[in-house]
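*Asks:*
Residue numbers (the working numbering), protein chains in the order written: chain A, 1 to 323; chain B, 324 to 646.
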């Protein structure tokens, strides 16, 4: 397979953890990787090929400006490598907006796709993650966009988690078709009429973290708020639990017994274990890893990128949207 | 003080837990209570006064129909008692939509209020809860409505949690004023221009469960989805943790040491400990307790109702909206 273009200078822990992740992925999984970034910033790649790019987009930089002004950024170069058939996929833990803009402008949209969307796997303790989309690419959406999100999200969930016919739910404030905003009601009618997906109807906020539904479709405003609220409460809860576990010598001893039992849960909820979100609707595989990605997060993101290429998820999305 | 009208036949555990909660509140706190419902359904009130109402609104009944067709429902009678100066407040753990409709139609709106909103305290481990509104009364909102939610939410947070000048945040997908939907941008401009509240700008989903902000303002669609997602993940996590704690004899022994240390956290997150949400913008105190309220939840809801009456929060909201 063609190498995966990995943005070496994106993310809070770049380039150190990014390069370390690339090396681990090559060693452990034999995934071909090409790092992208300024050689003097990236430093020693440990023998991994480097695609030179002279500019770096900062984490807090305005995405639209960054993409236009920094023509030779690592993000633009990575997206161009995919477009030009020199890389099979791109992966970045950097500025999410700029990653989306580079992928959209350089790779282009799939035919018929109105707007790309970010699909984020939400961990569900003891079960397969739920795919939530749009997780923030489009603050405003139309019913036709949400229908495409349902179609693309289904293909992503199928390729990513092996669902045969993923159950697609529309996020609302009640299960009844009559509830929600005009956007929800119109989308519900379109999905009910038939869009080539296994639509199970409206779902509620609590269902996102349940095993009732596999793909949850919503606009990018609601999706982003829900995603960050969930991330926030999980972090807050684990900090509070850890504080209780370490509060006395007795609790520390007891926690030595309990932590192994909590291991699977902690692993399920570890952002580094998720493997990143995917930008759906562009003509290529673009994986977005979270900003504080460790080397392990990069390994998982590269593995997801490889799997999505292997499954030809982009080809399947192309067909699904044309439904 | 005038008695608090308590819907004896609303909630999954009514009338048993509701009546038990009323008796506890009278015994423990000396809160005057009048139960409302059909005498033959309520049964023995243990000496607490009963205001007879012949009809019961079911938990899943259509709210608008219920209020119009069941004129003599416990919810209508409770709201009328407040309107007619026979009760100081109403409390229900029943059908939320019907409770809102009864309160709105019988008590009426405060002068100038566009739409009432549900203000729900969200527990924040180790800190004071955050007031989230609108938690579901209005799927669609205008900027002017959100400004009033900020004003009313501030008064509620002040009375409920003793904040001097509550920090008000507007829920969005980034802290920058330029981010979000047109609704968010216009509301941000109005709140920045001055609305008599301590506006700290846009906040993100993660801030809802942090100590960065005291009142989070959003439309009722986003608010309801976030609220239910948070409730869902907390429930799921605690179930997973409990399963780990009880998985072996060794973990059960260890959990005996750890559970007391986790006590304050578990208490903070217990829905029965929160004391209920409040419908803001109607001309009277209306407390909405969650559907599965236990007697303890009812005691807490009655205590909140009493406090809101004592603080004249409705009078303060009347002034705040007229700002």
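Note that beta-carbon positions come from the ideal geometry of N, C-alpha and C, so glycine has one too. Being a predicted model, the structure only gives us computed values, none of them experimental.
(1) Leaving aside the five residues before and after residue 577(B) along the sequence, list all residues of the same chain whose C-beta is less than 7 Å from its C-beta, in chain order.
(2) Taking Cβ positions only, does residue 212(A) come closer than 8 Å to chain B?
(3) Thinking C-beta only, is residue 171(A) closer than 8 Å to residue 216(A)?
(4) Whose Cβ in chain B lies nearer than 7 Å to the Cβ of residue 125(A)?
(5) Hey, would you say residue 124(A) sits closer than 8 Å to residue 101(A), going by beta carbons?
(6) When the cut-off is 8 Å and only beta carbons count, does residue 472(B) lie next to chain C?
(7) Based on DSSP bridge pairs, tell me the residues matched to residue 444(B).
(8) With a threshold of 16 other CB atoms inside 10 Å of the CB of residue 346(B), please say whether the residue is buried or exposed.
(9) Are the beta-carbon atoms belonging to residue 106(A) and residue 69(A) less than 8 Å from one another?
(10) Indicate whether at least one CB of chain B lies closer than 8 Å to the CB of residue 140(A).
(11) So, does the stretch 286-294 of chain A touch the stretch 360-369 of chain B, judging by three or more C-beta pairs under 8 Å?
(12) Using C-beta distances below 7 Å, list every residue in its chain close to residue 270(A), excluding the 5 sequence neighbours before and after it, in chain order.
(13) Inspect the beta-carbon positions of residue 296(A) and residue 272(A) and report whether they are closer than 8 Å.
(14) In three-state DSSP terms, what is residue 245(A)?
(15) Could you name the residues of chain A that residue 581(B) contacts, counting a contact when the two beta carbons are closer than 8 Å?
(16) Chain B beta carbons: is any one of them nearer than 8 Å to that of residue 221(A)?
(17) Quick check on residue 49(A): buried or exposed, where buried means 16 or more other Cβ atoms within 10 Å of its Cβ?
(18) Which full runs of the beta strand (DSSP E) of 3+ residues lie inside the stretch 495-549 of chain B, going along the chain?
(19) Give the straight-line distance between the Cα atoms of residue 148(A) and residue 317(A), rounded to the nearest whole angstrom.
(20) Between 333(B), 413(B), 602(B) and 505(B), which lies nearest to residue 325(B) when the distance is taken from Cα to Cα?
(21) Just the C-alpha distance for residue 509(B) and residue 501(B), rounded to the nearest angstrom, thanks.
(22) For the 8 Å Cβ check, are there 3 or more pairs between the stretch 274-283 of chain A and the stretch 237-254 of chain A?
(23) So, is the C-beta of residue 555(B) closer than 8 Å to a C-beta in chain A?
(24) Roughly how many whole angstroms lie between the Cα atoms of residue 341(B) and residue 196(A)?
(25) What is the residue span of the beta strand (DSSP E) that residue 7(A) lies within?
(26) By Cβ distance below 8 Å, which residues in the same chain neighbour residue 72(A) in space, the five residues on each side in sequence not counted?
(27) Measuring only between beta-carbons, confirm whether residue 224(A) sits less than 8 Å from chain B.
(28) For residue 94(A), would you say it is in contact with chain B, using Cβ-to-Cβ distances shorter than 8 Å as the test?
(29) Specify, as a first and last residue, the run of the beta strand (DSSP E) that residue 52(A) falls within.
(30) Pull up the CB-CB distance for residue 208(A) and residue 132(A), whole angstroms please, since I reckon it's below 8 Å.
(31) Mind listing, in chain order, the continuous alpha helix (DSSP H) runs of no fewer than 4 residues lying wholly within the stretch 56-117 of chain A?
(32) Please compile the residues from chain A whose C-beta is within a distance smaller than 9 Å of the C-beta of residue 527(B).
(33) Which of the three DSSP states, helix, strand or coil, is assigned to residue 232(A)?
(34) Check the Cβ-Cβ distances between residue 504(B) and every residue of chain A, and say whether any is below 8 Å.
*Replies:* Answer, in terms of the structure:
(1) none
(2) no
(3) yes
(4) 559, 560 and 563
(5) no
(6) In the structure shown, chain C does not exist; the protein chains are A and B.
(7) 454(B)
(8) buried
(9) no
(10) yes
(11) no
(12) none
(13) yes
(14) helix
(15) 244, 245, 251, 254, 255 and 258
(16) yes
(17) exposed
(18) 521-526 and 538-540
(19) 9 Å
(20) 413(B)
(21) 10 Å
(22) no
(23) yes
(24) 48 Å
(25) 4-7
(26) 53, 54 and 55
(27) yes
(28) no
(29) 50-52
(30) 6 Å
(31) 63-69, 74-83 and 96-102
(32) 224, 225, 228, 229 and 232
(33) helix
(34) yes
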